[in-house]
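Reviewing the structure listed below.
Residue numbers (this note's numbering), protein chains in the order written: chain A, -18 to 164; chain B, 526 to 686.
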């Protein structure tokens, strides 16, 4: 598999096959982030496609000082939050947890009633976080990016990031209450 | 940043747990954090929560959409088409401007269209589009004006389409 830095450099030279390879490598991660923040499969796919179009259009802005993966996440983070803001401006949205009535990944992967309940509760609690905090939790816990990478992606200091993560963790624990033990 | 915790307070530890997990904490601070965890049930619970939450989120993550590459390709094609139309329109405007103002065929006549001579501006619907395809005017400003108006009408129609 080609190195993401090489692929992004080839995108800068207008090589569309490099973009296709980046979609292949990062499509899943970008889509997961979009789905986590937007809470709707259709909107997540729309936002994910926008991320890669924007990546293509702005590839020349990448100077190589940040790792390509971090750069891609940065474009994804801002694009996805822009989608959410546009949606909020257009209408008053119901809580994200109630937006997608179709069986989602939560329902598809449950292996037992207990596990299903835990998954549902986490999904519900996550939907109560603000969209930017939801993205942070996703990047830190699920994608397991380092604090340094996330700070670079969101453009915040490490100290601010730790504070926001600690607050998000605290809120999740409060929302989960006793169900925290189900995790 | 990764300093020992003389105060040893739970708020500080709660934030340092993120560094402990991602391996960016220095050895001295790590010892201090682990010592705190050994005696503080609340912070230990937070640390264990982090582990369980990470596992849970990974188990429930959504599959990636299959048609993403196709969607991206389609959107790029559409952007290129729009850009091509915009370039063509801009080029047409430039050419129309050059032909209308420079008039290289006008010999030694004054090259700039006389500003004190009001150009006839017929209503858009009555413009003779065929004037566009006439040979370059030799000395008639009327034909030139009709030609310019014709470009405007054609550009407007392109825009509506």
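Note that beta-carbon positions come from the ideal geometry of N, C-alpha and C, so glycine has one too.
Bear in mind the structure is a predicted one, so any value in this text is a computation, not a measurement.
- Here the alpha carbons of residue 55/A and residue 133/A stand approximately 8 Å from one another.
- With respect to residue 99/A, residue 146/A sits apart: the two C-beta atoms are not nearer than 8 Å.
- Shown in chain order are the members of the segment 594 to 622 of chain B whose Cβ falls below 8 Å from a Cβ of chain A: 594, 596, 597, 598, 600, 601 and 604.
- Contact of residue 582/B with chain A is assigned, a C-beta pair being separated by under 8 Å.
- When the five nearest sequence neighbours on each side are left out, the beta carbons in the same chain lying within less than 6 Å of the beta carbon of residue 2/A are those of -17 and -12, in order along the chain.
- Residue 596/B sits in a helix when the DSSP states are folded into three classes.
- Boundaries of the alpha helix (DSSP H) around residue 63/A: 49 to 71.
- Neighbours of residue 544/B in chain A, taken as residues at a C-beta separation under 7 Å, are given in chain order as 128.
- Taking the Cβ atoms as the reference, residue 10/A lies roughly 6 Å from residue 124/A, within the contact range of under 8 Å.
- Here residue 544/B is buried, its C-beta having at least 16 other C-beta atoms within 10 Å.
- Of all residues in the segment 546 to 579 of chain B, only 547, 548, 549, 571, 574, 575, 577, 578 and 579 come within less than 8 Å of chain A when Cβ atoms are compared, listed by chain position.
- Contact of residue 8/A with chain B by beta-carbon distance below 8 Å involves 589, 590, 593 and 594.
- Contact between residue 65/A and residue 112/A is confirmed by a C-beta separation of about 5 Å, below the 8 Å threshold.
- Secondary structure at residue -17/A: coil, using DSSP grouped into helix, strand and coil.
- Rounded to the nearest angstrom, the gap between the Cα atoms of residue 0/A and residue 57/A is 14 Å.
- Fewer than three beta-carbon pairs drawn from the segment 615 to 627 of chain B and the segment 31 to 46 of chain A are found closer than 8 Å, and the two stretches are therefore not classed as touching.
- Of the other Cβ atoms in all chains shown, 16 or more fall within 10 Å of the Cβ of residue 50/A; this residue is therefore buried.
- The alpha-carbon separation between residue 590/B and residue 8/A amounts to approximately 8 Å.
- Distance from the Cα of residue 546/B is smallest, within the candidate group 612/B, 558/B and 535/B, for 558/B.
- For the options 122/A, -6/A, 71/A and 48/A, the alpha carbon positioned closest to that of residue 17/A is the one of 122/A.
- Listed along the chain, the chain B residues whose CB falls inside 9 Å of the CB of residue 108/A amount to none; the nearest CB is some 13 Å away.
- For residue 537/B, the enclosing alpha helix (DSSP H) stretches over residues 535 to 547.
- The criterion of a C-beta distance shorter than 8 Å is not satisfied by residue 104/A and residue 580/B.
- For residue 104/A, the residues of chain B that pass the 9 Å Cβ criterion are 585, in the order they occur in the chain.
- Boundaries of the alpha helix (DSSP H) around residue 568/B: 566 to 584.
- Under the 10 Å beta carbon count, residue 576/B is surrounded by fewer than 16 other beta carbons and is classified as exposed.
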